[in-house]
Each structure stands twice: as C-alpha cells, then as structure tokens.
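When we follow my numbering, the leftmost residue of the sequence shown carries the number 2, and every step to the right adds one.
Just so it is clear, CB atoms sit at the ideal spot from N, CA and C, and this is done for glycine as well.
Because the structure is a prediction, the values reported are computed rather than measured.
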Amino acid sequence: MDSVRSPEWPVAPLGGVAANSAAARYGMSPGTGPIVGRAGPPPTAPPPYRPSSDAGSMPSSGKPAAPPIPVKILVAGGFGVGKTTTVGAISEIAPLTTEAEMTTAGIGVDDPGARSTKTTTTVAMDFGCVTIDRSLKLYLFGTPGQTRFGFMWDDLARGALGALVVVDSARLDDCFPAIDFFERAGLPFVVGVNAFDGRLALELAEIRWALAIGDHVPLVQFDARDRLSVRDALLVVLDRALDRATRDRRA
Numbered sequence: 002m003d004s005v006r007s008p009e010w011p012v013a014p015l016g017g018v019a020a021n022s023a024a025a026r027y028g029m030s031p032g033t034g035p036i037v038g039r040a041g042p043p044p045t046a047p048p049p050y051r052p053s054s055d056a057g058s059m060p061s062s063g064k065p066a067a068p069p070i071p072v073k074i075l076v077a078g079g080f081g082v083g084k085t086t087t088v089g090a091i092s093e094i095a096p097l098t099t100e101a102e103m104t105t106a107g108i109g110v111d112d113p114g115a116r117s118t119k120t121t122t123t124v125a126m127d128f129g130c131v132t133i134d135r136s137l138k139l140y141l142f143g144t145p146g147q148t149r150f151g152f153m154w155d156d157l158a159r160g161a162l163g164a165l166v167v168v169d170s171a172r173l174d175d176c177f178p179a180i181d182f183f184e185r186a187g188l189p190f191v192v193g194v195n196a197f198d199g200r201l202a203l204e205l206a207e208i209r210w211a212l213a214i215g216d217h218v219p220l221v222q223f224d225a226r227d228r229l230s231v232r233d234a235l236l237v238v239l240d241r242a243l244d245r246a247t248r249d250r251r252a
C-alpha cells in the first residue's frame with residue numbers, strides 16, 4: 002500500500018478533525034478531549050473523489066499498474082443512526098440505496114427517535130465505494146437497522162474485512178444488537194459515535210462503559226455528513242483489521 006490518504010484529499014492541520022494519527026483517531030492522547038463534529042451540515046457538498054488522470058497510466062517500467070485490492074467494509078448499527086448518510090458522504094459513485102417511505106404501518110415498529118425527522122428507511126442495504134489509493138479500494142455495505150431485517154446481516158458480513166458500528170449517543174439501547182453481532186462473529190469492528198448537531202449526549206468514556214466494550218475496541222467520534230470525518234473513521238477500521246491480520250499471522 003502506498004499510503005492511506007487519498008492524493009485528492011486535503012491535509013488537515015495536526016490535531017484537527019481529519020488528523021490522521023492513530024492517537025488522534027483513537028482518542029488515546031492524554032489531555033485531549035474527543036473530536037467534536039460540526040454544528041451543521043457542510044455549506045456545499047464536496048465534489049466526488051476522482052482518481053487523478055494518470056492513475057491508470059503505465060509505470061516507468063512499462064508494465065501496466067496492478068488494479069487496487071478490493072476490501073469489503075460493513076457500515077452497521079441501529080435504526081436511524083446515520084448509516085445511509087455515512088455511505089453517501091464518502092462514496093465516489095452515486096450510492097445505491099434501498100430507501101422506502103415510512104408509513105403508518107410502521108408506527109411502533111420503526112422508531113427513529115424523538116429528535117429525528119427521518120421519513121425513509123433502508124429495507125435492504127446501502128452500497129458505495131471509495132478509492133483510498135492506487136492499491137486499495139473500499140466497498141461499503143450499509144446494513145438495514147430494523148430488527149426484522151436482521152437475517153440479512155450474516156450474508157452482508159460474509160467476506161468483510163471489518164465493520165464500522167454507527168452509534169447514536171442518545172439511543173444506546175438500539176446499539177447493543179449490532180455490537181453483540183460482531184463480537185459473536187469475531188469480525189474486527191470500530192464503534193463510531195455520530196455527532197448529531199455537533200454534540201454528544203454522553204462523553205466517550207461514559208459511552209464505552211454503557212456499551213460494555215473493552216479497551217481493545219476503538220471508540221471514535223465522527224460526523225456522518227462530513228466526508229473527511231467518515232474517512233478517518235474508516236481508516237481506524239482498516240487499522241483494526243490490519244492489527245488482527247498481523248496477530249493472526251504471528252500465531
């Protein structure tokens with residue numbers, strides 16, 4: 002792998018939202034508080050990432066460049082936590098969504114929370130992709146959040162390298178099934194707390210305690226609407242998966 006930062010993404014200042022150090026992303030730096038998401042959506046949608054025009058050109062050796070390695074990542078979580086928004090914020094293609102209008106038949110079954118203005122729900126999956134660099138391309142699969150679609154998770158998880166479990170800090174009860182699923186499956190995962198309105202209902206340390214997740218599981222705060230913030234959360238997933246693969250190889 003050449004690097005883990007796309008050549009088209011701007012470099013954020015050290016310690017900023019898009020800081021790319023493991024300590025900043027994992028929130029492990031002493032005396033540093035969690036990264037706070039933005040108070041509102043970006044004023045304009047960022048342009049989709051496109052590899053540079055010479056990305057597919059032949060290297061100086063005359064041999065054609067190898068295609069990027071495809072990596073499957075799940076974006077999972079409870080109902081209405083921001084999974085579809087997460088995939089759409091970073092996908093370099095128009096994301097495939099299976100959103101359906103919520104009707105009165107779903108009252109008492111699909112509960113997005115009192116603060117949500119959500120009127121649609123994912124009934125199958127979301128799909129998007131993003132090229133990290135010339136050697137790595139992520140294929141993102143967003144899971145449905147409703148309990149009645151839980152049978153699809155096993156199929157969606159097949160072949161995945163890792164998962165980003167999106168959490169709403171104000172509705173932690175809805176997050177336990179997703180965490181339990183990946184713990185049982187043994188799939189590396191990262192818990193990403195979506196900062197609705199730029200703030201959290203609880204501190205990260207309190208969320209870790211409430212969800213009963215060990216210190217070995219990364220817990221990060223991100224903004225599902227912000228492309229760079231989503232990128233950083235996905236890079237933590239890659240770090241976690243690489244760490245697991247390295248330990249398995251040594252065993």
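query = When DSSP labels each residue in this structure, what does threonine 132 get in the three-state scheme?
reply = strand
task = Decide if the stretch 128 to 144 is in contact with the stretch 63 to 76; the criterion is three or more beta carbon pairs, one per stretch, under 8 Å apart.
result = yes
request  = May I ask you to list the residues that DSSP assigns as paired with leucine 205?
outcome  = Paired residues: none, contrary to the question.
key: Inter-residue spacing [alpha-carbon to alpha-carbon] between threonine 85 and alanine 234   = 15 Å
inquiry  = If contacts are defined as beta-carbon pairs under 8 Å, then alanine 179 and valine 166 qualify, I think. What distance do you get, rounded to the angstrom?
reply    = 5 Å
Extent of the continuous beta strand (DSSP E) to which aspartate 244 belongs = Where aspartate 244 is concerned, there is no enclosing beta strand (DSSP E), although the alpha helix (DSSP H) it sits in stretches over 228 to 251.
task = Given a cut-off of 7 Å, decide if proline 219 and arginine 241 are closer than it, judged by their beta-carbon atoms.
result = yes
query = Residue range of the alpha helix (DSSP H) that aspartate 156 falls in?
reply = Note, aspartate 156: alpha helix (DSSP H), 154 to 158.
inquiry  = Given a cut-off of 7 Å on the beta-carbon distance, is the pair serine 136 and proline 69 in contact?
reply    = yes
inquiry  = On the CB-based measure, 16 or more other CB atoms within 10 Å of its CB, does arginine 251 come out buried or exposed?
reply    = Taking every protein chain shown into account, the CB of arginine 251 has fewer than 16 other CB atoms within 10 angstroms, so this residue is exposed.
key: Extent of the continuous beta strand (DSSP E) run through aspartate 175   = Per DSSP, aspartate 175 belongs to no beta strand (DSSP E) and is neither H nor E.
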